[in-house]
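Following: one structure in structure tokens, then a few remarks.
Numbering (this note's numbering), first residue to last: 4 to 202.
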């Protein structure tokens with residue numbers, strides 16, 4: 004119990020960590036698949052869609068709601084992933100197509116009186132290829148082995164240009180990252196080879 008009068012205090016600071024923010028979201032995930040056998044070969048196909056209808060954040064119980072769907076560094080309303088896989092004998096070949104919908108760059112400049120209109124950020128599509136070859140047991144690998152070649156971003160697609168209006172407003176200029184890393188990749192075509200085996 005404090006014996007000093009309340010007029011002796013200018014401020015009271017509560018430095019404990021408090022979870023004040025909230026998030027409200029809704030949407031739909033849908034996956035459709037089809038598989039068929041032709042002789043000794045198997046074809047598997049699928050498409051997955053992620054549709055977000057709402058993504059609203061509130062920084063504190065008394066702050067206003069912010070609808071941040073379809074904006075930089077935030078979830079987008081539509082993503083699609085299509086996949087097809089052909090397996091025959093020791094070979095399996097798979098292709099994956101990933102699509103991210105277009106959206107708006109609606110960041111604002113921090114400078115008073117400077118208004119930068121929203122600009123479109125293009126949709127982004129990348130293709131991946133995976134080739135696997137299985138080998139039976141041998142003198143080196145008792146339980147057989149599998150060799151995997153994987154190629155991400157097969158056609159070396161560059162991410163859509165994204166100029167951060169906020170950073171431009173404070174003079175970052177060309178030093179900024181000119182793409183949205185939350186919704187695209189700047190890695191380009193990427194190869195990897197993997198050997199899976201027991202010996």
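Where is the CB? At the ideal position from N, CA and C, for every residue including glycine.
Does the distance from the C-beta atom of residue i to that of residue j stay below 7 Å?
| i | j | result |
| --- | --- | --- |
| residue 194 | residue 163 | no |
| residue 109 | residue 123 | no |
| residue 98 | residue 129 | no |
| residue 201 | residue 141 | no |
| residue 53 | residue 82 | yes |
| residue 132 | residue 106 | no |
| residue 185 | residue 37 | no |
According to DSSP, is residue i helix, strand or coil?
| i | result |
| --- | --- |
| residue 142 | coil |
| residue 176 | With a pLDDT of 48 at residue 176, under the threshold of 50, the modelled position of that residue is not reliable, and no figure is offered here. |
| residue 10 | helix |
| residue 134 | strand |
| residue 52 | strand |
| residue 30 | strand |
| residue 161 | coil |
| residue 18 | coil |
| residue 89 | strand |
| residue 47 | strand |
| residue 182 | coil |
| residue 79 | coil |
| residue 118 | coil |
| residue 189 | coil |
According to DSSP, which residues form a beta bridge with residue i?
| i | result |
| --- | --- |
| residue 194 | 154 |
| residue 123 | 107 |
| residue 65 | Partner(s): none; residue 65 has no beta bridge. |
| residue 70 | 59 |
(message) Whether or not the segment 184-202 and the segment 148-159 are in contact is what I'm after, with contact meaning three or more pairs of Cβ atoms, one per stretch, closer than 8 Å; do they touch?
(response) yes
(request) State whether the segment 7-16 contacts the segment 45-54, with contact taken as three or more CB pairs (one from each stretch) at a distance under 8 Å. (result) no
(request) Determine, using beta-carbon pairs with one atom in the segment 21-30 and one in the segment 58-68, whether at least three such pairs fall under 8 Å. (result) A contact is defined here as three or more CB-CB pairs under 8 Å, and the segment 21-30 meets this definition with respect to the segment 58-68.
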